[in-house]
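Residue numbers (my numbering), protein chains in the order written: chain L, 1 to 102; chain W, 103 to 272; chain D, 273 to 390; chain U, 391 to 794. Heads up, the beta-carbon is just placed ideally off N, CA and C, and yes, glycines get one too. Here the structure comes first, spelled out in structure tokens, and everything after it is commentary.
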Amino acid sequence: MIPLSWYLILAAALFSIGLYGVLARKNAVAILMGVELMLNAVNINLVAFWRYLDVDTVAGQAFALMVFAVAAAEVAVGLALFIALYRRRGTVVADEIDLMKW
Amino acid sequence: MTVEQFVFLVFAVITLGAALMVVTDRKVIHSALWLILSLFGVAGLYVLLNAGFFAVVQVVVYIGAIAILFIFAAMLTRKAMEDVGPQVNPGWPAAALIGGVVFVALAWMLSHWGQFMALPPAFADDTPTLTQLGVALVSPDAYVIPFEIASVLLVAAMVGALYAAWGKKK
Amino acid sequence: MLENWIYIGLFLLLAWIFPGGPILIARFLAPHRPDVVKNDVYECGVETVGETWVQFKVQYYNFALTFLIFDVEMAFLFPWAVSFDKLPIFGVFSGAFFVLILFAELLAAWRKGALEWA
Amino acid sequence: MSFFSDPVNSIILWLRNLLIGWGLSTGGVTLIMKALGVMVLSTLALLLVIFLIWLERKLAARFQQRLGPNRVGPYGLIQPIADVIKIFTKEHITPFGVEGFLYNLAPILSVAAVLMLWAVIPLYKGVVGADLNVGVLYLVAAGALGTLAILLAGWSSNNKYALVGAFRTVAQMVSYEVPTVISLLVPVLLAGTMSVSGIVEQQKVIYLLVSPVAALLFFLSSLAEIGRTPFDLMEAESEIVAGFHIEYSGLKFGMFYVGEFLHAFTVSALFAVLFLGGWRGWGAESFPLLGLVYFMLKSFLVYFLVVWVRSTLPRVRIDQMLNFNWKFLTPVGLILLVATAVVQKVILISGASYGVMVLSHLVVNVLILWVAFRIVETREARRPRRQPVAQPRPVARPPEVTQA
Numbered sequence: 001m002i003p004l005s006w007y008l009i010l011a012a013a014l015f016s017i018g019l020y021g022v023l024a025r026k027n028a029v030a031i032l033m034g035v036e037l038m039l040n041a042v043n044i045n046l047v048a049f050w051r052y053l054d055v056d057t058v059a060g061q062a063f064a065l066m067v068f069a070v071a072a073a074e075v076a077v078g079l080a081l082f083i084a085l086y087r088r089r090g091t092v093v094a095d096e097i098d099l100m101k102w
Numbered sequence: 103m104t105v106e107q108f109v110f111l112v113f114a115v116i117t118l119g120a121a122l123m124v125v126t127d128r129k130v131i132h133s134a135l136w137l138i139l140s141l142f143g144v145a146g147l148y149v150l151l152n153a154g155f156f157a158v159v160q161v162v163v164y165i166g167a168i169a170i171l172f173i174f175a176a177m178l179t180r181k182a183m184e185d186v187g188p189q190v191n192p193g194w195p196a197a198a199l200i201g202g203v204v205f206v207a208l209a210w211m212l213s214h215w216g217q218f219m220a221l222p223p224a225f226a227d228d229t230p231t232l233t234q235l236g237v238a239l240v241s242p243d244a245y246v247i248p249f250e251i252a253s254v255l256l257v258a259a260m261v262g263a264l265y266a267a268w269g270k271k272k
Numbered sequence: 273m274l275e276n277w278i279y280i281g282l283f284l285l286l287a288w289i290f291p292g293g294p295i296l297i298a299r300f301l302a303p304h305r306p307d308v309v310k311n312d313v314y315e316c317g318v319e320t321v322g323e324t325w326v327q328f329k330v331q332y333y334n335f336a337l338t339f340l341i342f343d344v345e346m347a348f349l350f351p352w353a354v355s356f357d358k359l360p361i362f363g364v365f366s367g368a369f370f371v372l373i374l375f376a377e378l379l380a381a382w383r384k385g386a387l388e389w390a
Numbered sequence: 391m392s393f394f395s396d397p398v399n400s401i402i403l404w405l406r407n408l409l410i411g412w413g414l415s416t417g418g419v420t421l422i423m424k425a426l427g428v429m430v431l432s433t434l435a436l437l438l439v440i441f442l443i444w445l446e447r448k449l450a451a452r453f454q455q456r457l458g459p460n461r462v463g464p465y466g467l468i469q470p471i472a473d474v475i476k477i478f479t480k481e482h483i484t485p486f487g488v489e490g491f492l493y494n495l496a497p498i499l500s501v502a503a504v505l506m507l508w509a510v511i512p513l514y515k516g517v518v519g520a521d522l523n524v525g526v527l528y529l530v531a532a533g534a535l536g537t538l539a540i541l542l543a544g545w546s547s548n549n550k551y552a553l554v555g556a557f558r559t560v561a562q563m564v565s566y567e568v569p570t571v572i573s574l575l576v577p578v579l580l581a582g583t584m585s586v587s588g589i590v591e592q593q594k595v596i597y598l599l600v601s602p603v604a605a606l607l608f609f610l611s612s613l614a615e616i617g618r619t620p621f622d623l624m625e626a627e628s629e630i631v632a633g634f635h636i637e638y639s640g641l642k643f644g645m646f647y648v649g650e651f652l653h654a655f656t657v658s659a660l661f662a663v664l665f666l667g668g669w670r671g672w673g674a675e676s677f678p679l680l681g682l683v684y685f686m687l688k689s690f691l692v693y694f695l696v697v698w699v700r701s702t703l704p705r706v707r708i709d710q711m712l713n714f715n716w717k718f719l720t721p722v723g724l725i726l727l728v729a730t731a732v733v734q735k736v737i738l739i740s741g742a743s744y745g746v747m748v749l750s751h752l753v754v755n756v757l758i759l760w761v762a763f764r765i766v767e768t769r770e771a772r773r774p775r776r777q778p779v780a781q782p783r784p785v786a787r788p789p790e791v792t793q794a
């Protein structure tokens with residue numbers, strides 16, 4: 001039997017890897033992938049809490065489904081912004097995008 | 103070491119290994135492909151948690167749509183010599199330190215939580231979790247508000263993304 | 273429930289052998305005489321300089337994006353469809369309303385011309 | 391449960407007793423049995439492809455009033471085997487700058503994705519690979535793997551044509567997955583379960599009669615999903631020089647070919663299972679093997695339809711194809727979903743009989759189709775179309791001779 005701690009540790013590890021990806025990568029699309037990893041870690045925790053703590057109510061599953069919608073919306077808008085940015089400024093490197101208006 | 107634990111470890115290694123490659127790979131498209139492998143690992147974890155519906159939705163939504171969107175975006179925003187320079191910010195050791203500290207803090211905090219070593223309750227194979235989820239999603243006293251707001255959120259995301267990516271061509 | 277997923281897991285493991293095996297066998301059967309001209313990238317025109325880098329139209333992104341939004345919508349609708357006969361009338365109309373909101377979105381994208389291929 | 395009425399289950403039982411006789415643990419026995427099941431199913435599927443190649447060439451020939459392969463063996467039956475041996479001995483050329491691992495992974499993934507579809511299809515009464523309670527969504531997931539394989543192939547062969555071809559194909563397959571998923575929702579809604587064998591059991595009246603528009607939607611969008619004419623853009627020779635599998639040769643190209651053929655038959659098998667009642671038939675309950683005959687008959691009937699469409703219709707341009715999808719299939723699908731839900735609930739509340747439900751669904755479907763075609767006609771009429779005005783054609787006439 002797998003205790004709940006294994007899932008929590010795994011999710012924490014995935015979260016911190018995603019955090020490192022967000023902080024360290026230069027390319028904006030790669031930063032978005034780091035955010036995607038963090039959202040997956042949250043999802044693992046939600047489903048694990050549903051399975052281990054209250055199997056009869058579906059609170060954990062409903063929350064995880066909402067995280068899917070938020071992750072999809074976030075990726076859609078984020079990548080659209082980077083494409084528009086690339087067309088105007090010709091760069092996707094995060095630290096070159098530092099002016100609000102140019 | 104039962105079979106279930108061994109399968110869990112296999113999926114954990116796949117997920118974390120691919121996640122590490124996502125953040126450390128130089129070419130953006132390679133990290134997108136590593137992301138797909140990591141999402142496969144997470145789908146396997148959902149199977150172990152008896153959440154078959156989430157495993158399949160994860161594959162359909164994440165690998166079928168979001169990963170393809172990543173690859174499209176990576177192709178659309180690629181300059182010829184973009185992948186040559188250092189792919190990591192100069193302060194990347196600090197970022198690695200922050201990641202490590204966050205992991206240790208989370209692990210320490212969680213270990214002091216009461217239910218940390220909780221064992222999974224018995225799970226009858228035919229419990230209709232899917233029908234319970236379906237009924238809960240639309241029943242007024244459970245999750246119908248977030249259900250409708252999720253569709254409005256999707257509409258807003260699509261309108262915004264189409265407008266942003268479309269630009270002022272006309 | 274895990275019984276079936278073991279079958280799917282085995283399928284994932286063993287499904288590689290069936291296309292992979294013949295390819296490995298063909299590696300021995302087929303002649304192997306590479307030379308410079310034969311190994312050239314298939315090209316009718318000027319050699320591609322540097323990496324394959326092709327400027328894409330934004331249309332590809334529009335369609336992938338619209339597919340993503342409708343895909344997530346379907347993921348929400350499957351539990352609703354499975355538990356359909358246990359739902360009260362209110363549940364049916366909330367699901368129908370969910371679909372109509374995204375139908376309105378499809379019309380909006382159509383009118384704004386985001387679905388054109390031009 | 392004699393051998394003739396239900397061969398597969400009796401073989402399973404016999405093998406299980408044999409293995410337990412050898413003293414293996416029950417867990418180990420089920421593992422071995424399932425592995426054998428996977429092996430047998432995949433081998434049968436790949437052998438079936440060789441027969442399909444022959445069948446398709448014969449049918450396509452018959453549609454064009456010619457004979458098709460009949461030299462090698464009786465009626466040319468050995469022809470596909472000769473082709474297979476030939477393609478085994480073809481040299482495989484690996485061009486420069488190719489991403490080694492991904493380049494070889496793509497053909498294997500494209501065939502594996504199609505093989506995985508067979509895991510949930512019920513062959514007859516008690517026999518299905520894995521009776522998943524999320525079977526229908528698993529089918530969509532396996533389809534998504536196919537799209538991924540094409541993207542990998544196009545990107546890893548480091549060739550401009552392959553990349554553009556892969557992106558056009560993925561754009562087509564991705565946008566046609568939306569109507570496929572919508573039309574898959576209708577049988578799930580009617581049957582109340584997502585497991586494919588559950589849907590077959592619920593189909594007292596085949597869902598083609600209950601919801602013809604969903605069946606039409608599923609057939610059209612899966613035609614585009616497998617890349618068959620009229621949505622044949624994948625290997626459109628005239629446009630992108632054979633699309634994404636341009637840098638593949640030898641058996642790797644053969645594997646893409648096998649994947650496409652198997653996908654065509656698997657889609658017709660899915661149509662037979664979801665909309666034509668799979669193994670259901672008159673004697674199927676009592677004599678299970680008859681169910682297998684019904685299932686095969688229905689699948690080959692739909693496969694004949696696919697080849698018929700492939701032989702008659704011309705290829706469609708990519709913008710016409712995407713317009714057709716986003717401006718006809720998806721709106722009709724969404725409206726159909728809402729209409730089916732409302733009608734189904736009204737009938738469940740009013741407690742009418744099964745026949746009334748079928749009839750009302752049929753009426754609503756025909757109504758939706760009629761309204762859709764009415765709208766399309768009015769839009770077509772209003773579209774400004776360049777009228778071919780009959781200008782007098784300049785005729786070589788001597789210059790006007792002014793009457794003196």
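Residue span of the alpha helix (DSSP H) that contains residue i, given as start and end
i        : result
U/Pro497 : Gly490 to Leu507
U/Leu652 : Leu641 to Phe665
W/Met123 : Val105 to Thr126
U/Arg769 : Tyr744 to Arg772
W/Glu194 : In the sequence under discussion, the amino acid at residue 194 of chain W is Trp, which differs from the Glu named in the question. Trp194 to Ser213 is the extent of the alpha helix (DSSP H) around W/Trp194.
W/Ala266 : Val246 to Trp268
U/Ser585 : Taken as a continuous stretch (DSSP letters only), U/Ser585 belongs to no alpha helix (DSSP H), as it is neither H nor E.
U/Ser612 : Pro602 to Glu615
D/Glu345 : Gln331 to Val354
U/Met423 : Thr416 to Phe453
Other residues of its chain near residue i: CB distance less than 8 angstroms, five sequence neighbours each side excluded
i        : result
L/Ala73  : none
U/Asn494 : Lys642
W/Ser253 : none
Check whether residue i and residue j have beta carbons under 8 angstroms apart
i        : j        : result
U/Val754 : U/Ala729 : yes
D/Val354 : W/Leu232 : yes
W/Ala175 : D/Tyr333 : yes
U/Ser701 : U/Ala662 : no
D/Ala380 : W/Val261 : yes
D/Pro303 : U/Glu481 : yes
U/Arg558 : U/Ile725 : no
U/Leu579 : U/Ala425 : no
U/Ala503 : U/Gly544 : no
D/Glu345 : D/Leu372 : no
U/Ser639 : U/Ile483 : yes
For residue i, the residue or residues it bridges with in DSSP
i        : result
L/Val93  : L/Asn27
L/Val67  : Bridge partners of L/Val67: none, in fact.
U/Val517 : U/Tyr514
Residues of its chain near residue i, where Cβ-Cβ distance is below 7 angstroms and the 5 sequence neighbours each way are ignored
i        : result
L/Val22  : Ile31, Gly34 and Val35
W/Val112 : none
W/Val240 : Val246 and Phe249
U/Gly723 : Pro569, Ile572, Ser573 and Leu607
U/Val733 : Ser750, His751 and Val754
D/Gly392 : A question about residue 392 of chain D goes unanswered here, because the residues of chain D that appear run from 273 up to 390.
Distance between beta carbons of residue j and residue i, contact taken as under 8 angstroms
i        : j        : result
U/Val590 : U/Gly667 : 7 angstroms
L/Val75  : L/Lys26  : About 19 angstroms; that fails the 8 angstroms criterion.
W/Phe249 : D/Phe370 : 6 angstroms
U/Ser415 : U/Pro512 : No, U/Ser415 and U/Pro512 are not in contact; Cβ-Cβ is about 29 angstroms, not under 8 angstroms.
U/Ala654 : U/Val603 : The Cβ separation is near 23 angstroms, so there is no contact.
W/Ala120 : L/Leu10  : Contact doesn't hold; Cβ gap of about 13 angstroms is too wide.
Residue span of the beta strand (DSSP E) that contains residue i, given as start and end
i        : result
U/Pro512 : Pro512 to Tyr514
Other residues of its chain near residue i: CB distance less than 6 angstroms, five sequence neighbours each side excluded
i        : result
D/Leu387 : Ala381
W/Lys272 : Per-residue confidence for W/Lys272 stands at a pLDDT of 45, beneath the threshold of 50, marking its modelled position as unreliable; the derived number appears in the next sentence. Cβ within range, chain order: n/a, list empty.
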